[in-house]
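Numbering (the working numbering), first residue to last: -3 to 339.
The beta-carbon is built from N, C-alpha and C at its ideal position, and this holds for glycine as well.
Here the structure comes first, spelled out in structure tokens, and everything after it is commentary.
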Amino acid sequence: MPRYALLPAPAANRVYAEAAAAMVRAELTVLSRAALAGRIGTVDTETLAGVEYLAFEADELTEQDRGFLGLTSAFYALFEVDGDRLRPVAVPSPDRYPSDLLTILKYQGKTNEQFTRLVLNVTAASTSRPEAVLDGSLHVLDPVCGRGTTLSQAVMYGLPVTGVDIDTKDFELYTSFFTTWLKDHRFKHAASTTPVRREKSVIAKKYEVDFAADKADYLAGHKQHLTFYAADTLLTSQLVKPGTVDVVIGDLPYGVQHGSRGPRGLVRNPLELLEAALPGWASRLRTGGAMGLAWNTRVAPRDRVVELLASAGLTVLEGPGYDDLRHRVDRVITRDVIVARRD
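Below, the structure written as structure tokens:
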């Protein structure tokens, strides 16, 4: 059986870099189990000529297999091991747009781009149709999207995406940035911002934009769609139709970012937020869709998060890969990822 060595790209974030190899190993394990029917063997860290690779055995890789491997959050290059030689393997890039979409915005509290990509990958792979992340038909929802890291990553993959966030400053910053970015790169697009009314009251501000990387695709009607609501995430069920989303991604508040407005002000505790918002998020998922949540385990134990997901009718996915995504962010934050599916 052929043996392969994946060379990971270095992580720009120093703290995340310390956990990156273990995280990508877990990510590859999930991709193998969920999207590649177990065709990739055990993933090990292997040092070749002083360089660290992620090595695994696999049957002959199909074009779709290589496509999934190319999604890997820290992917840089793939080689087939031939004795003491490495033979490069062509892997298609999943990125439809210039990478500056992900890197231009810089601010305190920004979620690491590699980590965002990892959460999207493992969640998309865990749906009933993982190939949708490759063909551009996977609809992504981030109900606590902040300044849009998940939105931008979904755009990079060519996916339709919807975001919700209560912070109007984040809304204004991201929508202004994204429209300007489209103009600067001369991508054909049409954008608008309108109020959303329910029972004669304005409950949200809605930004939506149709665009395409190629002008011919745009003119032929082959467009991507991004929607961003400035609204309380508890209103998600009034903004997004039920059963229309394939993947829900959320980087939950660690105690300082995002949230929902409750009777005592902004809710920053992830458990309080989940208790109030999770039913609305889960009901947006299609059957076979999946939810991937990241949170600070120091303020919300995993067992309680599992209980809340189960009470919302979701099946938590466990085992190799899924159980190996916990990592240290800083002195007060230990982050974990949980994936659950709507069966």
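| query | result |
| --- | --- |
| Please state whether DSSP places methionine -3 in a helix, a strand or coil. | coil |
| Per the contact definition of three or more C-beta pairs closer than 8 Å, is the region 150 to 165 in contact with the region 177 to 189? | no |
| At what residues does the beta strand (DSSP E) containing threonine 361 begin and finish? | The question about residue 361 has no answer here: the residues shown for the chain are numbered -3 through 339. |
| Let's see if you can read the secondary structure: which residues bound the alpha helix (DSSP H) around threonine 119? | 109 to 121 |
| Might you give, ordered along the chain, the residues of its own chain that have their beta carbon closer than 6 Å to the beta carbon of alanine 73, omitting 5 neighbours on each side? | Leu3 |
| Can you name, in chain order, every residue of its own chain whose Cβ lies under 8 Å from the Cβ of valine 39, other than the five neighbours on each side? | Arg21, Leu24, Thr25, Ser28, Leu50, Ala51, Phe52 |
| Just checking my contact of phenylalanine 183 with alanine 216 at CB under 8 Å: how many whole Å lie between their CB atoms? | Incorrect: roughly 15 Å between the Cβ atoms, too far for contact. |
| Quick one: is alanine 226 buried, meaning 16 or more other Cβ sit within 10 Å of its Cβ, or exposed? | buried |
| By the three-class DSSP mapping on this structure, what secondary structure does glycine 284 have? | strand |
| Using C-beta distances below 6 Å, list every residue in its chain close to arginine 322, excluding the 5 sequence neighbours before and after it, in chain order. | Asp332 |
| With DSSP run on the structure shown, which of helix, strand or coil describes threonine 68? | coil |
| State the CB to CB distance for the pair isoleucine 36 and alanine 16, rounded to an integer number of angstroms; the pair is presumed to be in contact (CB under 8 Å). | Contact flag wrong, Cβ pair sits at about 19 Å. |
| Look up phenylalanine 224 in the DSSP assignment and give the residues it is bridged to. | Gly159, Tyr203 |
| Quick one: what's got a C-beta closer than 6 Å to threonine 293's C-beta in the same chain, skipping five residues either side? | Thr330, Asp332 |
| Shortest alpha-carbon distance to glutamate 48 belongs to which of Glu56, Ser124, Ala1, Leu116? | Ala1 |
| Which residues mark the beginning and the end of the beta strand (DSSP E) in which glycine 246 is found? | 241 to 247 |
| Compute the Euclidean distance between the alpha carbons of asparagine 117 and glycine 79, then round it to the nearest angstrom. | 31 Å |
| With distances taken from CA atoms, which of Pro139, Arg194, Thr158, Gly154 is nearest alanine 290? | Pro139 |
| How would you label isoleucine 100, buried or exposed, when you count the other beta carbons within 10 angstroms and need 16 or more for buried? | exposed |
| Would you call the region 188 to 208 and the region 101 to 114 in contact, with 3 or more CB pairs under 8 Å? | no |
| Could you have a look at tyrosine 214 and say whether DSSP puts it in helix, strand or coil? | helix |
| Assuming leucine 281 and valine 244 are in contact, meaning their beta carbons sit under 8 Å apart, how far apart are those beta carbons, in whole angstroms? | 6 Å |
| Compare the Cα-Cα distances from arginine 337 to each of Pro84, Pro156, Ser233, Ser124 and report the closest residue. | Ser124 |
| For valine 241, which residues in the same chain have their Cβ closer than 8 Å to its Cβ, ignoring the five residues on either side in sequence? | His135, Val136, Leu137, Thr158, Arg280, Leu281, Arg282, Gly285 |
| Would you mind stating whether alanine 5 and alanine 45 have Cβ atoms separated by less than 8 Å? | no |
| Beta carbon of phenylalanine 64, beta carbon of leucine 32: below 8 Å? | yes |
| Grab me the residues of leucine 231's own chain with a C-beta within less than 7 Å of its C-beta, minus the 5 sequence neighbours each way, in chain order. | Ile199, Ala200 |
| Based on the DSSP output, what are the partners of tryptophan 277 in its beta bridges? | According to DSSP, which records beta bridges pairwise, tryptophan 277 is partnered with nothing at all. |
| Could you give the distance in angstroms between the alpha-carbon of arginine -1 and the alpha-carbon of valine 77? | 5 Å |
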